[in-house]
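Asks: Residue numbers (this note's numbering): -9 to 238.
Backbone N, C-alpha and C fix where the C-beta goes; we use that ideal spot for every residue, glycine too.
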Amino acid sequence: MLSGNKKVIDMFSMIIKDASRVTAEANSSAYFLKSAILDHQSFEEIIFHNLFSEAQKRIPESVDYKKIFTDYVSSNTDALNLMVEDLKATYTKDPACNYYYEPIVFLKGFKALQIHRIGSWFWSRGDRFLPLLLQSIVSELYQVDIHPSVSFGTAIFIDHATNLVIGKNVSIGSEVSILHSVSILSEGDGAEGKIIIEDNVLVSAGSCVIGDLVLGNNSKVGAGSFINATVLPKSTVVGVPMKSILTS
-9 MLSGNKKVID MFSMIIKDAS RVTAEANSSA YFLKSAILDH QSFEEIIFHN LFSEAQKRIP
51 ESVDYKKIFT DYVSSNTDAL NLMVEDLKAT YTKDPACNYY YEPIVFLKGF KALQIHRIGS
111 WFWSRGDRFL PLLLQSIVSE LYQVDIHPSV SFGTAIFIDH ATNLVIGKNV SIGSEVSILH
171 SVSILSEGDG AEGKIIIEDN VLVSAGSCVI GDLVLGNNSK VGAGSFINAT VLPKSTVVGV
231 PMKSILTS
């Protein structure tokens, strides 16, 4: 495994520090955190172990999942930085998250996103079998179904994650937060019918985003809303049918 840059190494140090503190304070966590966190020598080793310890049971024996992960982090210069930024976003935005290791070990939104990023990278290089296999595994493990073609920016926070569905022809920017039971589905194919979610957007629980539209920068979608038209930047929309209640 690779050692990573300073940002990655610093995150690794914080994860180890958190896990060591909790292990010292609670004997019940010692064995588990030793296996999940403290036995590993780098950030990417920790990520690999926690992403694939369950997933590998569902991957055919002929598929070398360790090589898949190594190819991803060694060939994609942004891979580890994306993991770190997603981890920071989750730690910062989730009020229930107290330690940096928690998203890696416990939170399926973070795990599902990282496996999706791996599959999406292979999809962009023309591989179709592996990304669809990983999509299927994530759907089975975490009840999260994201088409491999979906692109994400940096610092993404997926909270709770259960019943999240994102179809093809969707592009998602940076610093976006998406909650559970959300459906994001374009109606077209190719260049037509694309959904673009710009930066710093909140898509709240139970909402449905369908059509050919844009959720503008810094916009918010209220819980349970049905969105079928473009939402202006800095707007808050709610309801069925959608209604703008605030534009700052």
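1. Count the other C-beta atoms from every protein chain shown that fall within 10 angstroms of the C-beta of residue 142, then say buried if there are 16 or more, exposed otherwise.
2. Which first and last residues belong to the alpha helix (DSSP H) in which residue 224 is found?
3. Cα-Cα, which of 216, 130, 144, 203 is closest to residue 47?
4. Which residues in the same chain as residue 204 place their Cβ atom closer than 6 angstroms to its Cβ, once the five residues preceding and following it in sequence are excluded?
5. Could you name the residues that DSSP lists as bridge partners for residue 173?
6. Kindly indicate which three-state DSSP category residue 84 falls into: helix, strand or coil?
7. When we look at the beta-carbon of residue 193 and count the other beta-carbons within 10 Å, is it buried (16 or more) or exposed?
8. Only counting the same chain, and skipping five residues up and downstream in sequence, which positions put a Cβ closer than 8 angstroms to that of residue -8?
9. Checking the sheet assignment: what are the DSSP bridge partners for residue 234?
10. Would residue 213 and residue 197 be called neighbours here (beta carbons separated by less than 8 angstroms)?
11. So what's residue -8 in DSSP terms, helix, strand or just coil?
12. Reducing DSSP to helix, strand and coil, say where residue 28 ends up.
13. Take residue 200 as the anchor and find which of 222, 175, 208 has the nearest alpha-carbon.
14. Among the residues of its own chain, which have a CB less than 6 angstroms from the CB of residue 155, if the five just before and after it don't count?
15. Restricting to runs no shorter than 4 residues, where is the alpha helix (DSSP H) found entirely within the stretch 29 to 60?
16. Which one or two residues does DSSP pair with residue 135 in a beta bridge?
17. On a CA-only basis, which of 202, 149, 66, 168 is nearest residue 211? Give me that one, please.
18. Decide if the stretch 43 to 57 is in contact with the stretch 77 to 84; the criterion is three or more beta carbon pairs, one per stretch, under 8 angstroms apart.
Replies: Taking the coordinates as given:
1. buried
2. Careful: residue 224 lies outside any alpha helix (DSSP H) and carries neither H nor E.
3. The candidate whose alpha carbon is nearest that of residue 47 is 130.
4. 186, 220
5. According to DSSP, residue 173 bridges with 155, 198.
6. coil
7. By the neighbour-count criterion, in which a residue is buried when 16 or more other Cβ atoms sit within 10 angstroms of its Cβ, residue 193 is buried.
8. Its pLDDT being 49, under 50, residue -8 is placed unreliably in this model, and the coordinates cannot settle the point.
9. Residue pairing by DSSP places residue 234 opposite 227 in a beta bridge.
10. yes
11. In this prediction, residue -8 scores a pLDDT of 49, lower than 50, which makes its location untrustworthy; no coordinate-derived value is stated.
12. helix
13. Nearest option by C-alpha distance: 175.
14. 135, 173
15. Residue ranges of uninterrupted alpha helix (DSSP H) with 4 or more members, entirely inside the stretch 29 to 60 and ordered along the chain, are 33 to 45.
16. 155
17. 168
18. no
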